[in-house]
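K.L.:
The structure under discussion is supplied below as structure tokens; questions concerning it will follow.
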Amino acid sequence: MLRFFRQLRQRLLTDNKFSKYLLYAIGEILLVVIGILIAIQVDNWNNEKQEHRELQGYLSNIAKNLTADMEQLNELRSYRSRSREGSKMYMELIEKDPIPANDILTYFKEYGEFLAIFEVYFLPDKSSFEALKSSGYLGKLRGSEIESELYRYYGLTTLIMHEETSVNNFIEEMEVDLFRDNVIQRLFPLLEKDLSNPGDLTMAQGLLKHPSSIGANFRNSHLNTLFEHYEELDVSGKHLLELILKN
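The sequence shown begins at 2 in our numbering and counts up one residue at a time.
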């Protein structure tokens, strides 16, 4: 093909057909320009496809993180619900004077694994979202519903982290007081003996009314705001997961 164009150009020059040669030259230039533009467009398409694949890879990893987060959140809410129920029962228990032995034993049997002094945290996996932000591809989602929900979801995880830290720091202070005053160390051996001895029962009743135990359970029974944010996070996480899977 190139040989044909060279022969044609040589023939036009030999025959002194300058105007025709000029038109030919312009046409040849246009063909070269069109070829370059097509090559650039193809390259752009390839780059866009590659960037789209990479963006989808980041979103796919975020979806995996979200799935694990939702499982963890469900377990945490279930645990905290039981723990809150136990703290409410405890607050009712200490109002009794004297506290019946059976009520004490029933409380620890039902809620011994969910005591207010046990600290728990929601630990979301933010690694894929941080990787997306570092990659620069987050800008390709600008103005989209996915971008908005990403910031909402991870903003809620930060809010929950601050609230849980506040709750757990307070609980930890109460726990330190209980161990310092030997409340835990003395109470559990009494429970193992089923409080059958009147002296054991009297001691257990007094230990249960330690101010730090009351403080921990009162705080643990009033976590309405934290539970509301758990619910908001659950809704946001499921919606974000749905958006990513549809993208």
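Glycine included, every Cβ here is placed at the ideal spot set by N, Cα and C. Quick caveat: nothing in here was measured; it's all calculated off a predicted structure.
#1: Can you tell me where the alpha helix (DSSP H) holding Lys239 begins and where it ends?
#2: Starting from Leu152, trace the alpha helix (DSSP H) both ways and give me its first and last residue.
#3: Taking Leu242 and Lys141 to be in contact with their CB atoms under 8 angstroms, please state how far apart those CB atoms are, rounded to whole angstroms.
#4: Quick one: grab the DSSP three-state call for Gly137.
#5: Under 8 angstroms between C-beta atoms, does Pro190 make it to chain C?
#6: Quick check on this structure: which residue in Gly144, Val177, Gln206, Glu174 has the alpha carbon closest to the alpha carbon of Phe189?
#7: Which residue comes first and which comes last in the alpha helix (DSSP H) that contains Arg220?
#8: According to the Cβ coordinates, are Ser84 and Asn221 closer than 8 angstroms?
#9: Check Val34 in the structure and name its three-state DSSP category.
#10: Here's the rule: buried if 16 or more other CB atoms are within 10 angstroms of the residue's CB, otherwise exposed. What is Ala249?
#11: Our contact map puts Ile185 next to Leu179 with C-beta atoms below 8 angstroms; I'd like the distance itself, whole angstroms only.
#12: To the nearest angstrom, report how far apart Tyr152 and Glu146 are at their CA atoms.
#13: Less than 8 angstroms separating the beta-carbons of Leu74 and Leu234?
#14: Please report the straight-line C-alpha distance between Thr107 and Gly87, rounded to a whole angstrom.
P.N.:
Per the coordinate set shown:
#1: 225-247
#2: Note that residue 152 is Tyr in the sequence shown, not Leu. Note, Tyr152: alpha helix (DSSP H), 146-181.
#3: Contact flag wrong, Cβ pair sits at about 19 angstroms.
#4: Reduced to three states, the DSSP call for Gly137 is coil.
#5: This model lacks chain C altogether, as it is built from one protein chain only.
#6: Gln206
#7: Counting along the chain, the unbroken alpha helix (DSSP H) around Arg220 starts and ends at 212-221.
#8: A distance below 8 angstroms separates the beta carbons of Ser84 and Asn221.
#9: helix
#10: Limits of the chain in this structure are 2 at one end and 248 at the other, which puts residue 249 out of reach.
#11: 5 angstroms
#12: 10 angstroms
#13: Yes, the Cβ-Cβ distance between Leu74 and Leu234 is below 8 angstroms.
#14: 11 angstroms
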